[in-house]
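Down below is the structure, laid out as structure tokens.
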Amino acid sequence: REAFQRKGETAAGVIRLSAGVALFPDDAPTLDGLIEKADKALYWSKTRGKGRVSDAAAMARERAAGPPPRLAAPAVRGTAERLAEFLRPLDDAQGPPAPFLLVRGPSGAGKVRFLSDLIEAACRRGAVCLVESCNAVERDVPYKPLTEMLDTLCYRDVPALARMRAALAPDELAVLSRNVPTLARALPDLAPPPDLAPARLQILLFDGLMAAFVTLAPDRPLCLVLDDFQHADEGTLDVLRALLDTPTAR
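Residue 2 is where the sequence shown starts when you use the numbering used here, and the numbers rise one by one after that.
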């Protein structure tokens, strides 16, 4: 953040740096995993005001601490009515099934403000709120945003870990832990994933994700927020469809 002057120029400028840091083996056991975690921490730095350095573990703790702070953005017309419509199932357990809400619009339309209000209102009603972004680069990685949601949750919710361990079959838990590093660290005595064909392993991961999300909030609503939804992979869409079709979905 100090002023600098290039040779032959009279005007001075200021360089500001945003960076992300990941540590081996705490944040990830592989080089690719470290790069991924550092990249997410870098993105976190930029979205939190730029000119800062974030480490992957601190980012996860900060995200797990609660809903993100409200960001400055113009209001969306009809926000109160739209919020009330979406939040109605959270207020009435006997009411309509859990809705799927797609928020879209041009830059500056107020999407961030609307979602911030939505998350805050859902959390006030006792909902378990999980927020993640879909990345175009990761569309070939099945269920990536959903495993990231669980990874964040495992930092803060020990009872959820116990419920997942009790509800998931051993093979489901083993495959899920391979994709959720925090879960693997919290339950180091898990058996290794079974030696199965990739297609079968993906089915186990699907079943494990379904069971995990269903058991996360047995007596509370569950609010999943996915940013950049246009980049969601097919596996993630399949899980969301299945969750919305669950009879007890809230």
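Note that beta-carbon positions come from the ideal geometry of N, C-alpha and C, so glycine has one too. Keep in mind that this is a model prediction, so the values were computed, not measured.
Considering only the beta carbon of each residue, do residue i and residue j sit closer than 7 Å?
i, j, result
"A23", "V54", "no"
"A57", "A81", "no"
"R140", "D234", "yes"
"L177", "M150", "no"
"A187", "L210", "no"
"R62", "Y144", "no"
"L205", "D172", "yes"
Suppose you measure from the CA of residue i to the CA of residue j; what does that come to, to the nearest Å?
i, j, result
"A212", "T153", "17 Å"
"L197", "L174", "15 Å"
"A218", "F25", "32 Å"
"G111", "L102", "15 Å"
"R125", "L88", "11 Å"
"L169", "R201", "16 Å"
"G34", "D27", "11 Å"
"F207", "F214", "11 Å"
"T216", "P160", "10 Å"
"I36", "S46", "15 Å"
"A185", "T31", "14 Å"
"D158", "A167", "15 Å"
"L244", "L116", "21 Å"
"M106", "L84", "Residue 106 is actually Gly in this sequence, not Met. Each residue's alpha carbon lies about 16 Å from the other."
"A29", "V129", "26 Å"
"E86", "L18", "42 Å"
"K38", "V104", "27 Å"
"Q203", "D220", "28 Å"
"F230", "V142", "15 Å"
"V113", "H232", "17 Å"
Could you tell me if residue i is buried or exposed, where buried requires 16 or more neighbouring beta carbons within 10 angstroms of its beta carbon?
i, result
"L147", "buried"
"S108", "exposed"
"P199", "exposed"
"P222", "buried"
"G127", "exposed"
"P59", "Sequence check: residue 59 is Ala here, not Pro. By the neighbour-count rule (16 or more Cβ atoms within 10 Å), A59 is not buried but exposed."
"L91", "buried"
| message | Would you call the region 125-139 in contact with the region 176-193, where contact means no fewer than 3 C-beta pairs closer than 8 Å? | response | no
| message | Can you confirm whether the region 185-195 touches the region 231-244 when touching is taken to mean that 3 or more C-beta pairs between the two stretches lie within less than 8 Å? | response | no
| query | Taking contact to mean at least 3 C-beta pairs separated by less than 8 Å, is the region 217-232 in contact with the region 110-124? | reply | yes
| Unbroken alpha helix (DSSP H) runs of length 4 or more, entirely within the region 125-170: which are they? | Counting only unbroken stretches of 4 or more residues, the alpha helix (DSSP H) elements lying wholly within the region 125-170 are 145-154 and 159-168, in sequence order.
| request: Ignoring anything shorter than 3 residues or poking outside the region 179-232, list the beta strand (DSSP E) runs there in chain order. | output: Entirely contained in the region 179-232, the beta strand (DSSP E) runs reaching 3 residues are, in chain order, 223-228.
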